[in-house]
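What follows is a single structure, written as structure tokens, with notes after it.
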Amino acid sequence: MKRYCIQILFLIGFICYGCSNDAIEEVTDDDDEIAVTPSFTVFGENDTSFFQFDFDGDLLTGETTNLTATLGIPTNIFQTQQVQDQLTLYTFGQGDFSAYKFNPITATNQVFENFYNVSIERTVVWILNSENEFLLVNFSPAGSDILTTLILPNGGGTEEELLLLENVEASFEPIFRENRLIAPYQDTEGNFGVVIVNVAERVILANFTFDNLMPGIVFNEEGNIVFILTRTGEQSRYEVIDFNSLEVVDEGNFSLNRTFLPGPLDGGQIIANRLFYTNPFAQPAPVDFGPAILDLSNSENQIIDLFPFVRTIEMETQNDLRVTEVMYDSATGNFIVPYSLEPGLDTSNGGVLVISEEEELLQNINLQFRPSFLLR
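Counting from 419, one number per residue, gives the positions in the sequence shown under the numbering used here.
What follows is the structure, given as structure tokens:
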């Protein structure tokens, strides 16, 4: 999805109603046992509004909220970031970044209009935020190989620029987690690494280097950092880094007939030494990507077959289906797979599939908008 060093593409651009059980297609197994269904929150939009859909897996009911009508959130969102329970939704227009910091639990929203104006002095590559500050990872001065982070307080005030590294050829999508900026990169000699910064203290804590192996980044159930290191023709391996001490606490090799680009793995998490990730399908294929599970202990790789479900929905709706995200729910052991319908001319513009590890379709929940991302 958005890994190589590319400057952010500057994209210039009903109130609450309930979703009844009529919108939910429930599937049970041969023993007539109702499958456990996860609860989740998904966001998306139609041509006029931005929506939140909250689904209760116990009651099998959902509620849709029009966030444009209730909180004024626009539809021209080009990037989202979650920090704990807070979502930040970014927009860009006429040279300025704006942000909407939204708490979907309390339904409160802070608006930061035009908090940064594009400058010819630096090349902004990535934009993200902590709880109280915006973080712009950029090359400064523009066109140089000096990677820095511009730190802007939420409410205005003095901006700071923190040097990350010199001799950087490419910057890949960074992660913010518990006051730490985790920023993968490639240096001017072609080697890959990850620099970790304590944003609150403005201190560089570590710089991990991996030669020519590309570091995918994921977290395990203990909250530790796991580097998934791959490259075509090279032995794949992983390193588990204690989040607090930043020491290597586990490592190993695995075999997989694919590589991961540097940066956060889409839909990635590690549970009991199994890597849940998003697998891209070779095109042409019915969908672009879907869920997969890699057992790091024995290299067994399971790719969930979405194709039968996709074909059925496309035949029923006479629309093309596009998967928009994949998330594994560890509480129920099922995958949550939002999708949109293209061109979406019927009464339903999308939905959410709930699929078990055994590749059973448990739920197909219809939505009146095109879902784009899930609350983690």
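A virtual CB, placed ideally from N, CA and C, is assigned to each residue, including glycine.
(request) Would you mind working out which of F469, M632, Y508 sits nearest G651, comparing C-alpha positions? (result) Taking the first residue of the sequence shown as position 1, residue 651 is located at position 233. The candidate whose alpha carbon is nearest that of G651 is M632.
(message) Bridge partners for R692 per DSSP, in chain order?
(response) Residue 692 sits at position 274 when you count from the first residue of the sequence shown. R692 is bridged to I689, D713.
(request) Excluding the 5 residues preceding and the 5 following E777 in the sequence, name in chain order all residues of the same chain whose CB lies nearer than 6 Å to its CB. (result) For the purposes of this step, residue 777 is identified with residue 359 of the sequence shown, where counting begins at 1. Correct list, in chain order: I722, D723.
(message) Among L759, R788, Q687, whose alpha-carbon lies nearest the alpha-carbon of M733?
(response) Locating residue 733 in the sequence shown gives position 315, counting from the first residue. Looking at the Cα atoms, L759 is the closest of the given residues.
(request) Pick out whichever of V705, I491, L565 has its Cα sitting closest to the Cα of F530. (result) The residue given as residue 530 occupies position 112 in the sequence shown. If we check each option's Cα against that of F530, I491 comes out closest.
(request) Give a yes or no on whether the C-beta atoms belonging to D563 and E578 are separated by under 8 Å. (result) The residue you call residue 563 lines up with position 145 of the sequence shown. The residue you call residue 578 lines up with position 160 of the sequence shown. No, these two residues do not count as a Cβ contact at 8 Å.
(message) Is the beta carbon of F590 closer than 8 Å to that of Y603?
(response) Here residue 603 refers to the residue found at position 185 when the sequence shown is read from its first residue. Here residue 590 refers to the residue found at position 172 when the sequence shown is read from its first residue. A contact, by the Cβ cut-off of 8 Å.
(request) Determine the DSSP secondary structure at L793, reduced to helix, strand or coil. (result) On the sequence shown, residue 793 is found 375 positions in, with the first residue counted as 1. Coil.
(request) Note down, in chain order, each residue of its chain lying with its Cβ closer than 7 Å to the Cβ of I754, except the 5 sequence neighbours on either side. (result) The residue labelled residue 754 in the question sits at position 336 within the sequence shown. Once the five neighbours on either side are set aside, the close Cβ partners of I754 are P456, F458, M745, D747, V770, V772, L792.
(message) So for T524, helix, strand or coil by DSSP?
(response) Position 106 of the sequence shown, counted from the start, is the residue given in the question as residue 524. Coil at T524, not helix or strand.
(request) Could you check if P680 is buried or exposed, using at least 16 other CB atoms within 10 Å of its CB as the buried criterion? (result) In the sequence shown, counting from the first residue as 1, residue 680 sits at position 262. P680 is buried by the Cβ-count criterion.
(request) Answer yes if the stretch 683-692 comes into contact with the stretch 618-628, meaning at least three C-beta pairs across the two stretches below 8 Å, and no otherwise. (result) no
(message) Taking its Cβ as the centre, do 16 or more other Cβ atoms sit within 10 Å of P756, making it buried, or is it exposed?
(response) The residue given as residue 756 occupies position 338 in the sequence shown. Flag for P756 reads buried.
(message) I'd like to check one pair, Y695 with L714: are the Cβ atoms closer than 8 Å?
(response) Position 296 of the sequence shown, counted from the first residue, corresponds to residue 714. Position 277 of the sequence shown, counted from the first residue, corresponds to residue 695. No, they are not a contact pair.
(message) Classify N782: buried if its beta carbon has 16 or more other beta carbons within 10 angstroms, exposed otherwise.
(response) Stepping through the sequence shown from its first residue, residue 782 is reached at position 364. N782 should be labelled buried.
(request) Could you have a look at L485 and say whether DSSP puts it in helix, strand or coil? (result) Position 67 of the sequence shown, counting from 1, holds the residue named residue 485. Note: L485 maps to helix in three-state DSSP.
(message) Check this for me: beta carbons of N527 and Y518, under 8 Å apart or not?
(response) Locating residue 527 in the sequence shown gives position 109, where the first residue counts as 1. Locating residue 518 in the sequence shown gives position 100, where the first residue counts as 1. Yes, they are a contact pair.
(message) Rounded to whole angstroms, what is the Cα-Cα separation between L581 and V617?
(response) Position 163 of the sequence shown, counted from the start, is the residue given in the question as residue 581. Position 199 of the sequence shown, counted from the start, is the residue given in the question as residue 617. If I take the Cα positions, the gap works out to 12 Å.
(request) Would you kindly check if the distance between the Cβ of G634 and the Cβ of T648 is under 8 Å? (result) On the sequence shown, position 230 is the one that residue 648 refers to. On the sequence shown, position 216 is the one that residue 634 refers to. Contact flag set, yes.
(request) For N532, count neighbouring Cβ atoms within 10 angstroms of its own Cβ and tell me buried if that reaches 16, exposed if not. (result) Walking along the sequence shown from the start, residue 532 turns up at place 114. Classification for N532: exposed.
(request) State the DSSP-derived secondary structure class of I538, mapped to helix, strand or coil. (result) Position 120 of the sequence shown, counted from the start, is the residue given in the question as residue 538. Three-state result, I538: coil.
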